Amino acid sequence: MFDEVSEEEIDNNYKYNLCIFPLEILQNRKSFADEDSHKGWTHVFVQCYLSLRPSWMESFSRSRQLFQFPYQHALVKCSVVDDDEIIYEAFGSHADYKRACDIACFRLGELLSKNVSSFMMPPYLIGFPNIRGHCFLIAAVLPIFYSYPIMSKLFKINCQDVLEVNLGLGVKRPSKRPRIETPRMWSQSLYRCFKDFHKISRKGFYEMINSGYIEKKVIPESKDDPELPDAPVNPRDDIVLDTLLIRGICNMLGNYCDKDYLKPGGDECQAYGFIMSKLCSSNPELYGDLFFRFKTTSACGNCCNGPYSYEFALPYISVPVNIQFQNILKNPVLLANAQKLSHVHYDPLYCPGKLRDIDTCKFLEHPEVLCMRYEFGKSTEEINVPNNLWLTVNNVSEKYKRLCSSVVIKCYRNEEGEDYPSFYRKPNPTDVFTSWHTYLHVKTIRGWYEVNNGIIYPVDTRLFKKATPGSLHFYQIDRPEFVLPDLCRESIEFFPDR
């Protein structure tokens, strides 16, 4: 999980510059002291901050000045130069120059998090290859990796994990799979995948040049195909991303949630729900920000007792067929009844507690992310997906902006037995349905684009803003620091038939 950077390596790579600081700095050196020495934060800064921004890694410098009067102490300055040539610097003062450096690194990290909050986010929109039939998982993971509210919190958790491990207080992720998840195992595994994803995203795009090799390696029917290559070629970014998705996230879901995730096919809403539930259960402080919380009063569908009052926290809101997204947020009772809730109770004996006749529902707080799932069913009207939603809690309304939406379509085969490409099409009478397919519409600073099987396309206007059955729609509360990814023009491809 962690980059094993020793103190010796840090000292060798980032040597101290001995200097005499200006008088205005020296006069304020008492303000650079801190009651908390932030021991170990130099390691945290190098491993967590510098690794996400190459310009910081190249420009990071440390300067120090030692004092004997009025007492023995050191003043340390740490600085980085950002991509736009802005210099960010922070100071630390302590009797031990190493602790002074820890204080300076802690303050520099706080300064960068405030002023350059985009550093922790993937700068460009990319996708994952889909060789094994796990398109649904791509639609569940990309909203997480491109969500500032989620990843900023995961970044802070990772910083704390690195700090605890470096101080000998934490527990590293085990090398072999334990039967029961160890503390922070999900946050550590998810962030490890994100960090490699972030590294490839910085390039702007990757080429699917090893898809044939991956197919031959993992699909039994293709192992003896002479037309597929036996060895990979460089660069191997597509292999790295495929490994992250399958051996990382997919295997975690299969080992600790449902074994069906080890097979092709699945539901992106369920996968997203599992990932977020595991993440928040090991970090309960995240529930209020990343889950939708509400309180109900209802009767029980399994016993004659009650009424009961319960609080619930859901990773996503299920929207019934033919119901507009904004309308369900305006009607708390309708929303609660649509979730098909249960709550086990013992009154006087065990009861599975299926909720019925919910008569009151109160929303408890504004989460930072709001996910909507449009249910499967026969629709009599077209439901549009709004770019903005409003949620009112305790008479306070907050605006939410859409970051991405999944699109669920049917795939077909023609009468000659040839599969059509994985795009929306109206079938011919002789076409045969083969499977479901999922891809994403994602908002970038250059507009909306489609991420389909690891390739970026302009959106299909026939389905853009339309809620397809089983689709997931991801919103974030409207805040200026919530950044969108950029788009590399070289990564865009065009499908000729639409």
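For the sequence shown, the residue numbers in my numbering are 128 to 625.
Using N, Cα and C, we set each Cβ at its ideal position, and we do this for glycine too.
Note that the structure is a prediction, hence the values are computed from the model and not measured.
- Item | For residue 205, the residue or residues it bridges with in DSSP | 189, 217
- Task: Go ahead and pull the three-state DSSP assignment for residue 128.
- Result: For residue 128, the predicted model reports a pLDDT of 40, less than 50, meaning its position is unreliable and no value from the coordinates is stated.
- residue 318, DSSP secondary structure in three states: helix
- Query: Does the region 246 to 262 come close enough to the region 219 to 228 that 3 or more CB-CB pairs lie under 8 Å?
  - Reply: no
- Residue-chain proximity (residue 510, chain B), Cβ-Cβ < 8 Å: In summary, chain B is missing from the structure at hand, where a single protein chain is found.
- Query: Do you know offhand how far residue 605's Cα is from residue 416's?
  - Reply: 13 Å
- Query: According to the Cβ coordinates, are residue 175 and residue 292 closer than 8 Å?
  - Reply: no
- Query: Any idea what DSSP makes of residue 371, helix, strand or coil?
  - Reply: helix
- Task: Entirely within the region 154 to 187 and at least 4 residues each: give me those alpha helix (DSSP H) ranges in chain order.
- Result: 168 to 171, 181 to 186
- Item | Where the alpha helix (DSSP H) through residue 346 begins and ends | From DSSP, residue 346 is part of no alpha helix (DSSP H); its letter is neither H nor E.
- Item | Alpha carbon of residue 494 to alpha carbon of residue 418, nearest angstrom | 6 Å
- Helix, strand or coil at residue 381 [DSSP, three-state]: helix
- Query: Exposed or buried, which one is residue 473 when buried takes at least 16 other CB atoms within 10 Å?
  - Reply: exposed
- Which term fits residue 147, buried or exposed, when burial requires 16 or more other beta carbons within 10 angstroms of its beta carbon? exposed
- Message: Tell me the DSSP secondary structure of residue 531 in three-state form.
- Response: strand
- Roughly how far, in whole angstroms, is the beta-carbon of residue 235 from the beta-carbon of residue 191, given that I think they are within contact range, below 8 Å? Not a contact, Cβ separation roughly 14 Å.
- Query: Mind checking whether residue 510 and residue 594 have CB atoms under 8 Å apart?
  - Reply: yes
- Item | Start and end residues, beta strand (DSSP E) containing residue 109 | Here the chain covers residues 128 to 625 and nothing more, so residue 109 does not appear.
- the region 157 to 170 / the region 210 to 221 touching (three or more Cβ pairs under 8 Å): yes
- Item | Exposure label - residue 464; buried when at least 16 CB within 10 Å | buried
- For the putative contact between residue 434 and residue 425, defined by C-beta atoms under 8 Å, what is the C-beta separation to the nearest angstrom? 6 Å
- Task: Taking 8 Å as the cut-off, decide whether the C-beta atoms of residue 527 and residue 516 are in contact.
- Result: yes
- Query: Looking at residue 245 and residue 314, is the spacing between their C-beta atoms short of 8 Å?
  - Reply: no
- Item | Option in 295, 488, 469 with minimal Cα separation from residue 480 | 469
- Message: With a threshold of 8 Å on Cβ separation, who are the neighbours of residue 389 within its own chain once the five nearest residues in sequence on each side are excluded?
- Response: 377, 378, 381
- Cβ-heavy atom distance between residue 369 and the ligand ZN below 7 Å? This structure lacks the ligand ZN, and indeed carries no ligand of any kind.
- Put residue 546 into one of helix, strand or coil per three-state DSSP. strand
- Message: Let's see if you can read the secondary structure: which residues bound the beta strand (DSSP E) around residue 582?
- Response: 582 to 585
- Query: Can you name, in chain order, every residue of its own chain whose Cβ lies under 6 Å from the Cβ of residue 282, other than the five neighbours on each side?
  - Reply: 247
- Item | Cβ contact (3+ pairs, closer than 8 Å) linking the region 187 to 203 and the region 335 to 342 | no
- Query: Can you pull the DSSP bridge partners for residue 526?
  - Reply: 517
- Message: Excluding the 5 residues flanking residue 286 on each side, which residues of the same chain have their C-beta closer than 7 Å to its C-beta?
- Response: 171, 175
- Query: If you draw a straight line from the C-alpha of residue 420 to the C-alpha of residue 490, how long is it?
  - Reply: 6 Å
- Message: Can you find the residues in the same chain that come closer than 7 Å, C-beta to C-beta, to residue 559, ignoring five residues on each side of it along the sequence?
- Response: 539, 540
- Whole beta strand (DSSP E) runs in the region 433 to 517 with 3 or more residues, listed along the chain? 435 to 441, 444 to 446, 482 to 490, 496 to 501
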